[in-house]
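In the order they appear, the protein sequences are chains A and B.
Position 82 of the first sequence, counting from 1, maps to 82 under the numbering used here, and the rest follow consecutively.
Adding 440 to a residue's 1-based position in the second sequence gives its number in the numbering used here.
Even for Gly, the Cβ is constructed at its ideal location relative to N, Cα and C.
For reference, the structure is listed below as structure tokens.
Number of protein chains: 2
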Amino acid sequence: MSDHGSQEVENTHERVLDAHLDRYAQRTAGMTASEVRALFAVANRPEVVSLAGGMPNLAALPLDSLADEISRLIVEEGQQALQYGSAHGVPRLREQICEVMQLEGISAHADDVMVTVGSQMALDMVTRIFCDPGDVVLAEGPSYVGALGSFSAYQAEVVHVAMDDEGLNPDGLREAISKVRSAGKNIKFLYTIPNFHNPAGITLAVHRRAEILEICRHHGILVLEDNPYGLLGFDGQTYPALRSQDPDNVVYLGSFSKVFASGLRVGWVLAPHAVREKLVLAAESATLCPPTLNQMIVSRYLETHDWKGQIKTYQEQYRQRRDAMLGALEQHMPPGCDWTRPDGGFMVWMTAPEGVDTKAMLPRAVTQRVAYASGTGFYADGLGSRQMRLSFCYPTPERIQEGVRRLANTITDELDLVRTFGSVPQRPVSGPDAPSVDTA
Amino acid sequence: MSDHGSQEVENTHERVLDAHLDRYAQRTAGMTASEVRALFAVANRPEVVSLAGGMPNLAALPLDSLADEISRLIVEEGQQALQYGSAHGVPRLREQICEVMQLEGISAHADDVMVTVGSQMALDMVTRIFCDPGDVVLAEGPSYVGALGSFSAYQAEVVHVAMDDEGLNPDGLREAISKVRSAGKNIKFLYTIPNFHNPAGITLAVHRRAEILEICRHHGILVLEDNPYGLLGFDGQTYPALRSQDPDNVVYLGSFSKVFASGLRVGWVLAPHAVREKLVLAAESATLCPPTLNQMIVSRYLETHDWKGQIKTYQEQYRQRRDAMLGALEQHMPPGCDWTRPDGGFMVWMTAPEGVDTKAMLPRAVTQRVAYASGTGFYADGLGSRQMRLSFCYPTPERIQEGVRRLANTITDELDLVRTFGSVPQRPVSGPDAPSVDTA
Numbered sequence: 001m002s003d004h005g006s007q008e009v010e011n012t013h014e015r016v017l018d019a020h021l022d023r024y025a026q027r028t029a030g031m032t033a034s035e036v037r038a039l040f041a042v043a044n045r046p047e048v049v050s051l052a053g054g055m056p057n058l059a060a061l062p063l064d065s066l067a068d069e070i071s072r073l074i075v076e077e078g079q080q081a082l083q084y085g086s087a088h089g090v091p092r093l094r095e096q097i098c099e100v101m102q103l104e105g106i107s108a109h110a111d112d113v114m115v116t117v118g119s120q121m122a123l124d125m126v127t128r129i130f131c132d133p134g135d136v137v138l139a140e141g142p143s144y145v146g147a148l149g150s151f152s153a154y155q156a157e158v159v160h161v162a163m164d165d166e167g168l169n170p171d172g173l174r175e176a177i178s179k180v181r182s183a184g185k186n187i188k189f190l191y192t193i194p195n196f197h198n199p200a201g202i203t204l205a206v207h208r209r210a211e212i213l214e215i216c217r218h219h220g221i222l223v224l225e226d227n228p229y230g231l232l233g234f235d236g237q238t239y240p241a242l243r244s245q246d247p248d249n250v251v252y253l254g255s256f257s258k259v260f261a262s263g264l265r266v267g268w269v270l271a272p273h274a275v276r277e278k279l280v281l282a283a284e285s286a287t288l289c290p291p292t293l294n295q296m297i298v299s300r301y302l303e304t305h306d307w308k309g310q311i312k313t314y315q316e317q318y319r320q321r322r323d324a325m326l327g328a329l330e331q332h333m334p335p336g337c338d339w340t341r342p343d344g345g346f347m348v349w350m351t352a353p354e355g356v357d358t359k360a361m362l363p364r365a366v367t368q369r370v371a372y373a374s375g376t377g378f379y380a381d382g383l384g385s386r387q388m389r390l391s392f393c394y395p396t397p398e399r400i401q402e403g404v405r406r407l408a409n410t411i412t413d414e415l416d417l418v419r420t421f422g423s424v425p426q427r428p429v430s431g432p433d434a435p436s437v438d439t440a
Numbered sequence: 441m442s443d444h445g446s447q448e449v450e451n452t453h454e455r456v457l458d459a460h461l462d463r464y465a466q467r468t469a470g471m472t473a474s475e476v477r478a479l480f481a482v483a484n485r486p487e488v489v490s491l492a493g494g495m496p497n498l499a500a501l502p503l504d505s506l507a508d509e510i511s512r513l514i515v516e517e518g519q520q521a522l523q524y525g526s527a528h529g530v531p532r533l534r535e536q537i538c539e540v541m542q543l544e545g546i547s548a549h550a551d552d553v554m555v556t557v558g559s560q561m562a563l564d565m566v567t568r569i570f571c572d573p574g575d576v577v578l579a580e581g582p583s584y585v586g587a588l589g590s591f592s593a594y595q596a597e598v599v600h601v602a603m604d605d606e607g608l609n610p611d612g613l614r615e616a617i618s619k620v621r622s623a624g625k626n627i628k629f630l631y632t633i634p635n636f637h638n639p640a641g642i643t644l645a646v647h648r649r650a651e652i653l654e655i656c657r658h659h660g661i662l663v664l665e666d667n668p669y670g671l672l673g674f675d676g677q678t679y680p681a682l683r684s685q686d687p688d689n690v691v692y693l694g695s696f697s698k699v700f701a702s703g704l705r706v707g708w709v710l711a712p713h714a715v716r717e718k719l720v721l722a723a724e725s726a727t728l729c730p731p732t733l734n735q736m737i738v739s740r741y742l743e744t745h746d747w748k749g750q751i752k753t754y755q756e757q758y759r760q761r762r763d764a765m766l767g768a769l770e771q772h773m774p775p776g777c778d779w780t781r782p783d784g785g786f787m788v789w790m791t792a793p794e795g796v797d798t799k800a801m802l803p804r805a806v807t808q809r810v811a812y813a814s815g816t817g818f819y820a821d822g823l824g825s826r827q828m829r830l831s832f833c834y835p836t837p838e839r840i841q842e843g844v845r846r847l848a849n850t851i852t853d854e855l856d857l858v859r860t861f862g863s864v865p866q867r868p869v870s871g872p873d874a875p876s877v878d879t880a
């Protein structure tokens, strides 16, 4: 049977499975299940060390006192907590969010904050109000996979800007702007994660921040600053938010997912007033309002708990895990591997030696009972085949060390194959539906 | 100053207020704040009886035992409840949702259910995967204002189908289909609220349901069935869901907002398998996942509380309020007013006598200390100027009676003005930002 014939059979097959195939919107063409989903059903088995996910480790949360506080909330303010609220968000929480943002130098008014269902929803809403199909979003390469998903859902085109050890490269940014504009395309914003980048594990050097802002302002490009990890510097250090230096041209995204609890889905966006107004209108049609209960839980938590102490606990916990990972990488990885050394956040970004394809290698890694996120998912343009993201946020230090050891063996085996065959035999990955490759 | 000059001044003014004006996506053109927002800041004052909102009355909720249950949940399963979950939703809750849907004749598999942040998010996701700009959505006239907002956010065009006392009119539906198709436009789905319609207060006659489904199937049009009120029939009656009669061509939306608690924002969508897969991919880019805590609260509530008894309590409560409203309308309204007589749900739809413009009358009603939702907001095409939605869900029966009395006086005064001047002098409505005209 010719390739063409086999393609036809496949289409017919898909059509039989989905009677609605001709009805979908064009944007669904970009919505495809991750190729490695099937694999992650396997990767989630307890015997596999997963360095793939982005789940925070919540073991340190004071569940008993949280339970008491939430119980009091329901008894005392249940009629409000269980009722609809506004799309803008609970006023008291928006004030508290301004206090949280002050820790990174941001001075803001509560009216310019909108609460969202995690900062993922903020990403979605910002893209919704700014991006027409074909518009360009500039983003670091690599970039957060969830943001790439939002941009793709609105048919925006992502153009990556190179990073180096000091983060987003200003010259790379100028070059990208000029290239995109000469192609006659419309740049809507620069999406950037300045602190403890996901997945790169790099922080934008402080001395570059004003320059990046100046370039964007000069070229009339809005900055979308995503900062979920900013308070998780391992030495308690913080860096000045881009928003603190240019309030009129930066839309800022924050989240309680990493500094409190991800399952509440409470994030926020801080935007210039007129933009915030549009965001609230967009949010009304998206969810009516974020859950009132969750907002009031976060508000009470900030009022009654030592939330700064809790963040210190998280910093310490993630620092230990980062140390475990860097130590193990140093000890076990074969020559030719290179990785970033984050001073905060959740992730290390590793580059494997020439000849290794991290996506193709993943099934073999899972066979060796270790999982990671392969690099191509973090690029919109197919780059990243030699890269992988290693998360140290969730497993214990001992599990991290064991996982890295297994991964090193996998890579060593892979390199043997490369040396023997010149390349590594590949097999396709497919299978039933499974949890997402990447949460957060 | 000429009109043209004044328009220019206004644009310049807007540009000064919003430096980002040239950057927004085209879809934001349809996102405008309700003209009556400013008014609703006033309408929310305690001395005003609001018949405008769609907030459920939660007074009957057992807050103490809910507080205990939620406290237990945090202590026993806090690590899971406060952690990320899948975009698909908590498996146990999806099974329970299937049991809830059985009450309306639906037989479904938990895998085909996706949990959403209220059914508003389900509306948003369904529109996202089906509608390209310019696609047509058929909907009852009037229709749910939040759905119109979602359709507009994706630049879909709404074509209304006439209703009568038995709901959506099959001949009207055939006519609309033929008209839209002759205009060369692409119909993506029929959006319908068959039970206790918001805002119309009408239920689709059972004998019409098969016919409506047959028409849609014949013409290859998907049905989007929105059923937030289905279990709130005042005599405990239920009607067979459209989904129960045509599983392959109906996407079904449900919600716990009206039968449990709206502030949790837990709704769901039930869809044919391939559609559900696309919905999960869309939801991942929208919110990553719905809040795990809220899903587990609903799941525990269904397991440990007499939720069917609670629904009976709600039915009784809303029946009393409906009775109060219908009695007061009968007693106070001047001749020429006409209204629907709902046997379930939250709303009465009233038509005022010739000459009354309900949007223009609203400021005068608020002066008389009563508020309602004027009819034009429930149409995409400017109809509804003589109509208004009167919600009986939230105020007490006494307040409802008082509100209707005030409204009757307002209309009577309005008719006096019409008789004296031939029409009613109008003034523009504007002012600062205020809560949304309509929650739910």
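Report the partner residues of residue i according to the DSSP bridge assignment.
{"i": "residue 137 of chain A", "result": "A:158 and A:189"}
{"i": "residue 391 of chain A", "result": "A:347"}
{"i": "residue 539 of chain B", "result": "Partner(s): none; residue 539 of chain B has no beta bridge."}
{"i": "residue 68 of chain A", "result": "Note: residue 68 of chain A sits in no beta bridge, so no partner."}
{"i": "residue 373 of chain A", "result": "A:389"}
{"i": "residue 163 of chain A", "result": "A:168"}
{"i": "residue 673 of chain B", "result": "B:784"}
Which word fits residue i, buried or exposed, when buried means at least 16 other C-beta atoms lie within 10 angstroms of its C-beta?
{"i": "residue 799 of chain B", "result": "buried"}
{"i": "residue 646 of chain B", "result": "exposed"}
{"i": "residue 420 of chain A", "result": "exposed"}
{"i": "residue 528 of chain B", "result": "buried"}
{"i": "residue 292 of chain A", "result": "buried"}
{"i": "residue 649 of chain B", "result": "buried"}
{"i": "residue 341 of chain A", "result": "exposed"}
{"i": "residue 643 of chain B", "result": "buried"}
{"i": "residue 466 of chain B", "result": "exposed"}
What are the boundary residues of the alpha helix (DSSP H) that includes residue i?
{"i": "residue 413 of chain A", "result": "397-421"}
{"i": "residue 367 of chain A", "result": "358-367"}
{"i": "residue 255 of chain A", "result": "No alpha helix (DSSP H) contains residue 255 of chain A, which is instead part of the beta strand (DSSP E) from 250-255."}
{"i": "residue 646 of chain B", "result": "646-658"}
{"i": "residue 313 of chain A", "result": "307-332"}
{"i": "residue 744 of chain B", "result": "732-744"}
{"i": "residue 718 of chain B", "result": "713-727"}
{"i": "residue 466 of chain B", "result": "No alpha helix (DSSP H) holds residue 466 of chain B; DSSP gives it neither H nor E."}
Just checking my contact of residue i with residue j at CB under 8 Å: how many whole Å lie between their CB atoms?
{"i": "residue 796 of chain B", "j": "residue 858 of chain B", "result": "7 Å"}
{"i": "residue 162 of chain A", "j": "residue 141 of chain A", "result": "6 Å"}
{"i": "residue 408 of chain A", "j": "residue 347 of chain A", "result": "About 18 Å separates the two Cβ atoms, so there is no contact after all."}
{"i": "residue 537 of chain B", "j": "residue 553 of chain B", "result": "5 Å"}
{"i": "residue 115 of chain A", "j": "residue 93 of chain A", "result": "6 Å"}
{"i": "residue 706 of chain B", "j": "residue 734 of chain B", "result": "5 Å"}
{"i": "residue 736 of chain B", "j": "residue 840 of chain B", "result": "With 8 Å as the limit, residue 736 of chain B and residue 840 of chain B do not qualify as a contact, their Cβ atoms being about 36 Å apart."}
For the beta strand (DSSP E) that contains residue i, what are its first and last residues?
{"i": "residue 663 of chain B", "result": "662-666"}
{"i": "residue 556 of chain B", "result": "553-557"}
{"i": "residue 710 of chain B", "result": "706-710"}
Please work out which residues of its chain come closer than 8 Å, Cβ to Cβ, to residue i, disregarding the five sequence neighbours upstream and downstream, and give them in chain order.
{"i": "residue 500 of chain B", "result": "750, 753, 754 and 757"}
{"i": "residue 127 of chain A", "result": "137, 150, 151, 153, 154 and 156"}
{"i": "residue 713 of chain B", "result": "551 and 552"}
Can you list, in chain order, the residues of its chain with a C-beta nearer than 7 Å to that of residue i? Leave out the 5 residues immediately preceding and following it.
{"i": "residue 843 of chain B", "result": "489, 491, 810 and 835"}
{"i": "residue 629 of chain B", "result": "570, 577, 661, 662, 663 and 664"}
Does at least one heavy atom of the ligand PLP sit under 7 Å from the Cβ of residue i?
{"i": "residue 767 of chain B", "result": "Among the components of this structure there are no ligands whatsoever, and the ligand PLP is therefore not found."}
Only counting the same chain, and skipping five residues up and downstream in sequence, which positions put a Cβ closer than 6 Å to that of residue i?
{"i": "residue 372 of chain A", "result": "51, 52, 388 and 390"}
{"i": "residue 320 of chain A", "result": "397"}
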